[in-house]
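Peer 1: Got a structure here, written out as structure tokens. Questions coming.
Number of protein chains: 2
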Amino acid sequence: MNLSRLCVHTITTKPLSIEEAAKCYSRENIRGITVWRDALEGRNIRATGKMLREEGLEIVSLCRGGFFPHLTAAGRKDAIDDNLKAIEEAVALGAPMIVLVCGAAKGQSLETSREQIREGIAAIEPYAKAAGIRLAIEPLHPMYADTRSAINTLAQANDMAEAFASPWVGVAVDVYHLWWDPALQQEIERCGKHLFAFHICDWRIPTRDILLDRALMGEGCIPVAQIREWVEGTGFNGFHEVEIFSTEYWSGDQQLFLQKIKHAYLHHS
Amino acid sequence: MNLSRLCVHTITTKPLSIEEAAKCYSRENIRGITVWRDALEGRNIRATGKMLREEGLEIVSLCRGGFFPHLTAAGRKDAIDDNLKAIEEAVALGAPMIVLVCGAAKGQSLETSREQIREGIAAIEPYAKAAGIRLAIEPLHPMYADTRSAINTLAQANDMAEAFASPWVGVAVDVYHLWWDPALQQEIERCGKHLFAFHICDWRIPTRDILLDRALMGEGCIPVAQIREWVEGTGFNGFHEVEIFSTEYWSGDQQLFLQKIKHAYLHHS
């Protein structure tokens, strides 16, 4: 392992502005950045993309589109419009891919939400293709099936990606969401060329918060290196993206946190 | 829906002693009780079973056995011994079934834990058979794969139950653990006669604690009645067991909570 394929998500260092993040990542020789849309608020997006590249950073993804399911048709149309805006933002930023957190709507069945996800991706795929932006369907852990995603296994994401049969629609594999799945190895093998993104962190024992207690690689129980080998077995040679939501890490010094991320990446990924 | 098949787990009313629970359940015309082993501590188990029956309660299950995986052979042997003790306790109590929370050991792979679970059940099955006690493998939500169970889908539990091909080994379906699974309906249909137990509660939005924030039926997003129909479609005609771990509900009046349980059961199950 070396640092050449290490990417950090801006949300991982949430206390930093994107300008601060760019400088801090660059100082640590981190070469990849995935930009969360909230980090772009109030910025000129094109200029921000240029700034990141001038700091020596490669923009891996824009995070995140999706959230297609809604109880009303108006809500679903707004969601599609927002995803089209995300495609424009990705073009302006110079990001080649958008990660889709697909969504789930309280008050309707998961199957209805899943159908609305299919419809949403179908609506935006032609625009993504025209813009040259890849869409990565990210299955989320089943504990997020209530409101964040009705796509909860890699098998479901693969089914959906295969049904689109578009080079612009693939999947994102996040070890945090998928590590428990007895079908994980076979479903990663099944991905082939539509494995677009690989996200890493660890599962803390005990997990103190359902959303904001992700751990550094090596601190928990996820066999990150094993899963990385399966991912690379598909031919994937993209970045390894560190995506950590952590009240604990966000409360500390972020430059020091980046150094810990590098150490964890080199020794436990 | 009527109350004839309503069962409450002693853990659901954790602040009550088992003697208090028996009186409170009986006062509400609740006819089924599943006894957690901690509720029996310091009691004569045979006398406690008699007391429960005298209160008009049917003992549905003893909860819980399992926790087979351990890093050491000595740890695994202790686990098997404890499960044999649970079988003796079930006989003494007059409970016809033990629910197995299968376990997972930090420091080894889920696959290794799964193999140790198979070995553990194989070791105790002859004793369960001889004692006339059924063993119900309960798949737990994937968010408990770190330390509580390496069996996280009904498909896995069905695979295991089918491999044993014993009338004494089946599965427990708990809506809280399984509701998100896109294969749930087909896996329930697959259960057939080895669907031994049905546990209900609801998934609170937002879930504030990974362990102790279960909701009453109707308060969350689980389609409990839909899942009950699938369960009954297999021919299952056992109790509907309310199993709720909730810091919030435990802090209130337990008789009032039992009335809320009855209302939720009659209107949202």
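Protein sequence lines, in the order shown, are assigned to chains A and B. Residue numbers for the first sequence follow the working numbering, so the first one is 1 and each next one is one higher. Residue numbers for the second sequence follow the working numbering, so the first one is 1001 and each next one is one higher. Beta carbons: idealized from backbone N, C-alpha and C, even for Gly.
Look up residue 1165 (chain B) in the DSSP assignment and say whether it is helix, strand or coil.
Peer 2: Coil.
Peer 1: Please check if any C-beta of chain B sits within less than 7 Å of the C-beta of residue 146 (chain A).
Peer 2: Cβ-Cβ to chain B under 7 Å: yes for residue 146 (chain A).
Peer 1: Among residues of its own chain, excluding the 5 on either side of residue 154 (chain A), which ones have a beta-carbon nearer than 6 Å to its beta-carbon?
Peer 2: The answer, listed in chain order, is 139, 178 and 187.
Peer 1: For residue 1172 (chain B), which of B:1091, B:1192 and B:1180 has the nearest alpha-carbon?
Peer 2: Nearest of B:1091, B:1192 and B:1180 to residue 1172 (chain B), Cα basis: B:1192.
Peer 1: For a test of the three-state rule: what should DSSP assign to residue 36 (chain A), helix, strand or coil?
Peer 2: In the structure shown, residue 36 (chain A) sits in a strand (DSSP, three-state: E or B).
Peer 1: Residue 22 (chain A) to residue 213 (chain A), Cα distance in whole Å?
Peer 2: Answer to the nearest angstrom: the Cα atoms are 24 Å apart.
Peer 1: Below 7 Å CB to CB, which residues in the same chain sit around residue 147 (chain A) once its five sequence neighbours on both sides are set aside?
Peer 2: Excluding residues within five positions, the ones whose Cβ falls inside 7 Å are 104 and 106.
Peer 1: Is there at least one Cβ from chain B nearer than 7 Å to residue 10 (chain A)'s Cβ?
Peer 2: It does not; no Cβ of chain B falls within 7 Å.
Peer 1: Short of 6 Å in beta carbon distance, which residues of its chain neighbour residue 123 (chain A), apart from the five on each side in sequence? Order them along the chain.
Peer 2: Correct list, in chain order: 80.
Peer 1: Can you pull the DSSP bridge partners for residue 1135 (chain B)?
Peer 2: For residue 1135 (chain B), which the question treats as bridged, DSSP gives the partners B:1098 and B:1169.
Peer 1: For the segment 49-57 of chain A against the segment 1010-1019 of chain B, are there 3 or more C-beta pairs whose distance is under 8 Å?
Peer 2: Counting Cβ pairs under 8 Å, fewer than three are found: no touch.
Peer 1: From residue 5 (chain A) to residue 1244 (chain B), what does the alpha carbon distance come to, in whole angstroms?
Peer 2: Each residue's alpha carbon lies about 45 Å from the other.
Peer 1: What does the Cβ neighbour count give for residue 1073 (chain B), buried or exposed, with the cut at 16 atoms within 10 Å?
Peer 2: Classification of residue 1073 (chain B): exposed, given that the 10 Å Cβ count is below 16.
Peer 1: List the residues of chain B whose Cβ lies closer than 7 Å to the Cβ of residue 156 (chain A), in chain order.
Peer 2: Per Cβ cutoff of 7 Å: 1182.
Peer 1: Going by CA-CA distance only, name the one from A:41, A:180, A:241 and A:11 that's closest to residue 1111 (chain B).
Peer 2: Of A:41, A:180, A:241 and A:11, the residue nearest in Cα terms is A:180.
Peer 1: Can you tell which of A:3, A:12, A:1 and A:2 has its C-alpha closest to the C-alpha of residue 255 (chain A)?
Peer 2: The shortest Cα separation from residue 255 (chain A) among A:3, A:12, A:1 and A:2 belongs to A:12.
Peer 1: Excluding sequence positions up to five away, which residues of its chain have a Cβ less than 6 Å from the Cβ of residue 247 (chain A)?
Peer 2: Contacts found: 212.
Peer 1: Please tell me whether residue 257 (chain A) and residue 249 (chain A) are closer than 7 Å, where the distance is taken between their beta carbons.
Peer 2: Yes. Within cutoff.
Peer 1: Using CA coordinates, which residue listed in A:36, A:8, A:40 and A:35 is at the minimum distance from residue 25 (chain A)?
Peer 2: Closest by alpha carbon: A:8.
Peer 1: Could you list which residues in chain A have their beta carbon closer than 9 Å to that of residue 1207 (chain B), in chain order?
Peer 2: Residues of chain A passing the Cβ test: 143, 146 and 210.
Peer 1: Is residue 1156 (chain B) closer than 7 Å to residue 182 (chain A) when the C-beta atoms are compared?
Peer 2: The answer is yes: Cβ separation under 7 Å.
Peer 1: Using CA atoms only, rank isn't needed, just tell me which of A:58, A:201 and A:82 is closest to residue 31 (chain A).
Peer 2: Answer by Cα proximity: A:58.
Peer 1: Can you grab the Cα-Cα spacing for the pair residue 1268 (chain B) / residue 70 (chain A), in whole Å?
Peer 2: So the alpha carbons of these two residues sit roughly 23 Å apart.
Peer 1: Under 7 Å between the Cβ atoms of residue 971 (chain B) and residue 1224 (chain B)?
Peer 2: Because residue 971 (chain B) is not part of the residues shown, which for chain B are 1001 to 1269, the question remains open.
Peer 1: At what residues does the alpha helix (DSSP H) containing residue 1068 (chain B) begin and finish?
Peer 2: Looking at the DSSP string, residue 1068 (chain B) is not in any alpha helix (DSSP H), and its letter there is neither H nor E.
Peer 1: Out of curiosity, what's the CA-to-CA distance linking residue 1118 (chain B) and residue 1125 (chain B)?
Peer 2: Their backbone Cα atoms lie some 10 Å apart in a straight line.
Peer 1: Against chain A, with Cβ distances strictly below 7 Å, would residue 1221 (chain B) count as a contact?
Peer 2: True, the Cβ-Cβ gap to chain A drops below 7 Å.
Peer 1: Chain B beta carbons: is any one of them nearer than 7 Å to that of residue 203 (chain A)?
Peer 2: So, interface residue.
Peer 1: For residue 77 (chain A) and residue 241 (chain A), I'd like the C-alpha separation in whole angstroms.
Peer 2: Taking the straight line joining both Cα atoms gives about 31 Å.
Peer 1: Say whether chain A places a C-beta atom closer than 7 Å to the C-beta of residue 1152 (chain B).
Peer 2: True, the Cβ-Cβ gap to chain A drops below 7 Å.
Peer 1: Identify which residue in A:175, A:253, A:176 and A:196 has its Cα closest to the Cα of residue 161 (chain A).
Peer 2: Among A:175, A:253, A:176 and A:196, the Cα nearest to that of residue 161 (chain A) is on A:196.
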